[in-house]
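Trainee: Position 104 (the sequence shown) corresponds to 105 in the numbering used here; numbering is contiguous.
Backbone N, C-alpha and C fix where the C-beta goes; we use that ideal spot for every residue, glycine too.
Every value quoted in this text rests on a predicted model; they were computed, and no experiment measured them.
Handing you this structure, nothing more for now.
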Amino acid sequence: MRTETMEQKIPGILEIELPEDRTTTKRPFSLDLNELSKPVQKPKKKDCTSIVTVAAENRDQEPTYVPANDEELFEYAKGIGQKCVKSVILNYWDLGRVINEVHPKEYGKGVMDKLNELTGINADTLRKICKFARKYSWEDVQALVSGLFMISWNSIAQNLTVAPEKLIDAYKTSDKASDFNEKLVAYKSSYGKVKTQKNEVSRPDDNGDQVNDDQPEAASSNIIEAEVVSARSELVGEDKKGEEIKNRSDFEDVVKKLQAKEKAYDQLQKHVDAINQELDEIHEATIQLEEMVKNVLEMLENGAEYEHLYEGLRKTLDSIPKISR
């Protein structure tokens, strides 16, 4: 039995006996109370990568992490941005995959309109999403979201004319986004940039309802967009080798074609709006005519004479809006 008291111990030291172990002898465990009064040292800089992973993926709970300084803030924001971009690319590919599974060759305009309503993604982007899912396998997509930097969906959508293996190789061998863009411009230049419109086949739309997206490089709008992006990249000096701008006249032609296309679209939209307005008027006239017939039948059933109905019928017919032909 211990005969020492706490006063006989060294001040500031609390000695606690551990339970007796049959395999070991008794040994005291010392806890220095003076150490507890010392200020807690600031921990070393945390690994923001692990912090971002937890904060960005586990959204079931309210985030509580607060960066200690601007450096950690920037790293945290960068990680969140990368998670967002990765999520968009993976989800777009998955959406394109299921659309292609249900409609392997063609899909109706009504389908695209409904998808646009449900997702908020416009029809042009939906078609690019479908094309993206057809050209790139799941392994390809994983390669595009696991490099040294994240490329945006726009970078993929604007380069769907580039072979997947070429784009992936440019991404994997680049240290930053500017290097990646340079390699794509160089590839397009060496390959003739992009195919001309006369070598492309527009998507058939004979019946006005069905849109066929079976051609590999079908949409002429994608061609114009790719040419504009390529020419604009050269104009802003994205080619760091200092080469002079070539084919400036080609760029101007592309701009003119694009402007003409936009003008034609505006005219078509006005025509569609006029047709819709006329259809609304026809619908309204049909409702009024139906009400008129019901009233006439009711009056006849109640014993009204034919001559008394003529004036009422004439007034009703005159009130119905005249439909232009």
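(1) Within the continuous beta strand (DSSP E) that includes glycine 109, where are the two ends?
(2) Using a threshold of 8 Å, state whether the C-beta atoms of valine 163 and lysine 87 are closer than that.
(3) Please report how far the alpha carbon of threonine 120 lies from the alpha carbon of cysteine 131, in whole angstroms.
(4) Looking only at its chain, what residues have a beta carbon closer than 6 Å to the beta carbon of alanine 171, apart from the 5 residues adjacent to it on each side?
(5) Would the region 61-72 count as touching the region 93-102 if we require 3 or more Cβ pairs under 8 Å?
(6) Going straight from the alpha carbon of leucine 74 to that of glutamine 260, what length do you get?
(7) Counting C-beta neighbours from all protein chains within 10 Å, is the total for lysine 129 16 or more, i.e. buried, or is it exposed?
(8) Does the distance from the C-beta atom of isoleucine 81 to that of tryptophan 154 stay below 8 Å?
(9) DSSP three-state call for glutamate 63: helix, strand or coil?
(10) Taking the alpha helix (DSSP H) that valine 146 falls in, what are its first and last residues?
(11) Among Glu118, Lys271, Leu161, which residue has its Cα nearest to the Cα of lysine 136?
(12) Since valine 86 is in the alpha helix (DSSP H), which residue starts that stretch and which ends it?
(13) According to DSSP, is leucine 298 helix, strand or coil?
(14) Quick one, are the C-beta atoms of phenylalanine 133 and isoleucine 169 less than 8 Å apart?
(15) Nearest to phenylalanine 150 by CA position, among Ser179, Ala286, Pro165, Leu127, is which residue?
(16) Out of Lys167, Leu127, Asn123, state which residue places its alpha-carbon closest to the alpha-carbon of alanine 144.
(17) Which one of Glu253, Asn101, Ile122, Asp274 has the shortest CA to CA distance from serine 138?
(18) With H, G and I counted as helix, E and B as strand and the rest as coil, what does DSSP make of valine 163?
(19) Can you tell me whether lysine 189 is buried or exposed? The criterion is at least 16 other CB atoms within 10 Å of its CB, across all chains shown.
(20) Can you name the start and end residues of the alpha helix (DSSP H) that serine 175 belongs to?
(21) If you draw a straight line from the alpha carbon of glutamate 72 to that of isoleucine 152, how long is it in whole angstroms?
(22) For aspartate 114 and leucine 127, what's the separation of their Cα atoms in angstroms?
(23) Quick check: what's the CA-CA separation for proline 165 versus aspartate 141?
(24) Go ahead and pull the three-state DSSP assignment for asparagine 327.
(25) If you draw a straight line from the alpha carbon of tyrosine 93 to that of glutamate 118, how long is it in whole angstroms?
(26) Just mark valine 103 as buried or exposed, buried being the case when its beta carbon has 16 or more other beta carbons within 10 Å.
(27) Which first and last residues belong to the alpha helix (DSSP H) in which isoleucine 157 is found?
(28) Do you know how far the Cα of glutamine 289 is from the Cα of lysine 295?
(29) With DSSP as the reference, label asparagine 223 as helix, strand or coil.
Mentor: Reading off the structure:
(1) Counting along the chain, the beta strand (DSSP E) containing glycine 109 begins and ends at 107-109.
(2) no
(3) 14 Å
(4) Non-local C-beta neighbours of alanine 171 in its own chain, meaning closer than 6 Å and more than five positions away in sequence, comprise Phe181, Lys184, Leu185, ordered along the chain.
(5) Cβ pair count under 8 Å is below three, so no.
(6) 43 Å
(7) buried
(8) At least 8 Å separates the beta-carbon of isoleucine 81 from that of tryptophan 154.
(9) Three-state result, glutamate 63: coil.
(10) Premise fails: valine 146 is in no alpha helix (DSSP H) and is neither H nor E.
(11) Leu161
(12) From DSSP, the alpha helix (DSSP H) with valine 86 extends over 71-103.
(13) helix
(14) In this structure, isoleucine 169 does not lie closer than 8 Å to phenylalanine 133 by Cβ.
(15) Ser179
(16) Lys167
(17) With distances taken between Cα atoms, serine 138 lies closest to Asn101.
(18) coil
(19) buried
(20) Taken as a continuous stretch (DSSP letters only), serine 175 belongs to no alpha helix (DSSP H), as it is neither H nor E.
(21) Glutamate 72 and isoleucine 152 have their C-alpha atoms roughly 22 Å apart.
(22) 10 Å
(23) 8 Å
(24) Given that the chain is displayed from residue 2 to residue 326, the structure contains no residue 327 and the question cannot be resolved.
(25) Going from the Cα of tyrosine 93 to the Cα of glutamate 118 covers about 16 Å.
(26) By the 10 Å Cβ count, valine 103 comes out exposed.
(27) 154-158
(28) A straight-line Cα-Cα distance of about 10 Å links lysine 295 and glutamine 289.
(29) The predicted position of asparagine 223 is uncertain, since its pLDDT is 47 and thus under 50; a value taken from the coordinates is nonetheless stated next. In this structure, asparagine 223 counts as helix in the three-state DSSP scheme.
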